[in-house]
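These notes are about the structure you will find just below.
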Amino acid sequence: MLQQLANGVFSGAIYALFAIGFTLVFGILRHLNLAHAAIFTAGAFVGIELATRSGIPLWLLLPIVAAAGGIAGVLLERVAFRPLAGRDDEHFAGLISSVAFGSVLIALLQARYGTEPQSFPSGYFPNQLYEIAGVRVTLVQLLTLGLALALMLGLAWLVSKSSLGRSMRAVAENPTAARVVGVNVGRVTAGTYALSSSLGAVAGVLLSINLGQANRDLGLSIELIGFAVIILGGLGSLWGAMAAGLILGLAEALTIHLFDSTWKGLVAFALLFAVLVLRPKGLFGSVRVREV
Amino acid sequence: MSSPILSVESVHVSYGRVEAVRGVSVEVDEGGLIALVGANGAGKSSVLAAVSGLVRPKAGKVLFDGRDVTRWPAHRRVGAGLVLVPEGRQILGTLTVAENLRLGAHRRRRQAAPIEDMFELFPVLAERRNLPASALSGGEQQMLAIARAMIARPRVMLLDEPSMGLAPKMVDEVFTVIEKIRATGVTVVLVEQNARRALRAAEHGYVLDTGEITHSGPAKELLDNPRVVEAYLGAE
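If you read the sequences in order, they're chains A and B.
According to this note's numbering, the first sequence is numbered sequentially starting from 10.
According to this note's numbering, the second sequence is numbered sequentially starting from 817.
What follows is the structure, encoded as structure tokens:
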């Protein structure tokens, strides 16, 4: 039981990390970026490629994956969203073009790696095992949890306290007023995508490290759960996404414990619909990112 | 004779097919105060939008401090010291009063005034520094909008309808603040529907009508010009 809950916390942390990146872009820019799952998958492959080819250590690999994710985010904004700015159907068109961007990315990954799972080289990360109160956890799991929490708190700090965060909240509320006070709205927009995508890429590589491998469909598994997390937490709410990620992770783990793993998808979405019916704004209301 | 710090040269502004500004030229010397007056929809705000970079003129030029800034993005103009206090205040209501002020300063870190200076000037803002700006009254929000521009220590401040929608007492206060800004050597471009009041504060005035300048000259002369009085100022 405890073991299952611990596993639930680990997957929940990854769901939450995936979801905060997605919800950040929505909260600031009102864009639904459906390429987020593809960037998540790409992050995993970049990590595996780097580990296999250069054997660089994990502590160096993660920042490189984050940087690659950031670059992908800037590119995504540039080609899939910016050209549509100011159009009447900006939001709907952006949704479609982000799906297209994601498909291109997945197709490129498939061209390079095929459909077979790619693995990290054996012995790449320590497989130390700890036993805490009868629960077995690996060092990698602990690192994942610690890093995910640190990144989420770091993002919350950045949005609420830093100068960039202030500019982001200004853009979220009123882009014209932001321009009046001298905010470079284009740069803040690109920066929001860079942050979001680098979190998504890191979430992807963390999941693949825990699995030891990744395949083309890695993002599919998390995409729907990730969206359920975002709705559950309230679209645009960072704290909501974090809490809902953990709740869904735990709910899945409990389902596996009480029934079996075939039921876990059902529970996640049953929970989603229950929340939608009972609290249409999500567990935490539609608190916006700017109100973090 | 010094060359003007800001000059607008035959600027045209269009929104779709609607031509809001048709060849307007305006200039102001460093340290001066000019007023752009005229009826609602005369194109006054569009001139300021073109000067501050919120819209790109279809034709014409904006020169600031000897440089052609016509194609500069808005944030770069703010950085150079050309700062707008927009119509309707455009306060960021979800941000705190202090955050609004810090945003106002962020593009001009080197020149900006300490935030405490603004609180000294506007004690009402000091009391509410950590409240969301949406909690302020209309008059307080206008003060915040002006303080947010002042903190950047601009070289030219563009004020768009600063007295709009305010109680008479607040209007007096706004004009007192404008005098203070003037006194610190900042050049002011004032757009007002309260034409008489604005022309009394200004040295030079421009009267706009349907996107064109119909009268211009020393503000005193405009106030005494019977045709201007009849068409734009009305009975006192």
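The beta-carbon is built from N, C-alpha and C at its ideal position, and this holds for glycine as well.
A straight line joining the alpha-carbon of A921 of chain B with that of A187 of chain A spans about 12 Å. For V214 of chain A, no Cβ of chain B is located within less than 8 Å of the residue's own Cβ.
At a cut-off of 8 Å between beta carbons, N183 of chain A contacts chain B. For S830 of chain B, the pairing in a beta bridge is given by DSSP as B:E835. Proximity of A186 of chain A to chain B, defined by a Cβ-Cβ separation below 8 Å, is satisfied.
Where H1020 of chain B is concerned, the enclosing beta strand (DSSP E) starts and stops at 1020-1025. Ranked by Cα distance from S20 of chain A, the first of A:L255, A:D269, A:F293, A:A283 is A:L255. When the alpha-carbon of S819 of chain B is set against those of B:M966, B:R892, B:V844, the nearest one is in B:V844.
Within a 10 Å sphere around the beta-carbon of S950 of chain B sit fewer than 16 other beta-carbons, which makes this residue exposed. Taking a Cβ-Cβ threshold of 7 Å, the residues of chain A close to L900 of chain B are V189, in chain order. With respect to L898 of chain B, V1004 of chain B sits apart: the two C-beta atoms are not nearer than 8 Å. Contact fails between the segment 160-180 of chain A and the segment 46-58 of chain A, because fewer than three Cβ pairs, one in each stretch, are under 8 Å apart.
Excluding the 5 residues flanking it on each side, M177 of chain A has same chain C-beta neighbours closer than 7 Å at I37, V168, V197, T201, in chain order.
Beta bridge pairing from DSSP links T147 of chain A with A:L138. The beta-carbon separation of G111 of chain A and G258 of chain A, rounded to 24 Å, does not stay under the 8 Å limit for a contact.
When the Cα atoms are used, L69 of chain A and S63 of chain A turn out to be separated by approximately 11 Å.
Distance between G909 of chain B and Q958 of chain B, taken at the CA atoms: about 12 Å. Burial of R923 of chain B is indicated by the presence of at least 16 other C-beta atoms within 10 angstroms of its C-beta. Per DSSP, the continuous alpha helix (DSSP H) segment holding T185 of chain A begins and ends at 184-189. Checking the DSSP bridge columns, you'll see S128 of chain A partnered with A:Q222.
Secondary structure note for A875 of chain B: its beta strand (DSSP E) is the uninterrupted segment 875-880.
Apart from sequence neighbours up to five positions away, the residues of its chain that approach H1031 of chain B with a beta-carbon distance below 7 Å are V1023, L1038, N1041, V1044, ordered along the chain.
Close CB contacts of L870 of chain B within its chain, under the 7 Å cut and outside five residues either way in sequence, are with A890 (chain order). Judged by DSSP in its simplified three-state form, T912 of chain B adopts strand. In the structure shown, D988 of chain B adopts helical secondary structure according to DSSP, grouped into three states. The C-beta of N219 of chain A comes no closer than 8 Å to any C-beta of chain B.
Measuring C-alpha to C-alpha distances from R1012 of chain B to each of B:R893, B:L852, B:I994 identifies B:L852 as the nearest.
Q906 of chain B has a beta carbon lying within less than 8 Å of a beta carbon in chain A. For T271 of chain A, there is no enclosing alpha helix (DSSP H), since its DSSP letter is neither H nor E. Here T1000 of chain B is exposed, its C-beta having fewer than 16 other C-beta atoms within 10 Å. Between A963 of chain B and F991 of chain B, the C-beta gap is not smaller than 8 Å, which leaves the two residues out of contact. In the pairwise beta carbon analysis, the segment 138-155 of chain A is classified as touching the segment 211-225 of chain A: at least three pairs are separated by under 8 Å. Below the 8 Å Cβ cutoff, chain A contributes S172, R175 as neighbours of R918 of chain B, in chain order. The Cβ atoms of H828 of chain B and K877 of chain B do not sit closer than 8 Å to each other. Only buried fits A22 of chain A, as 16 or more other CB atoms lie within 10 angstroms of its CB. Comparing alpha-carbon positions, the option among A:Q13, A:L292, A:L280, A:L215 lying closest to V144 of chain A turns out to be A:Q13.
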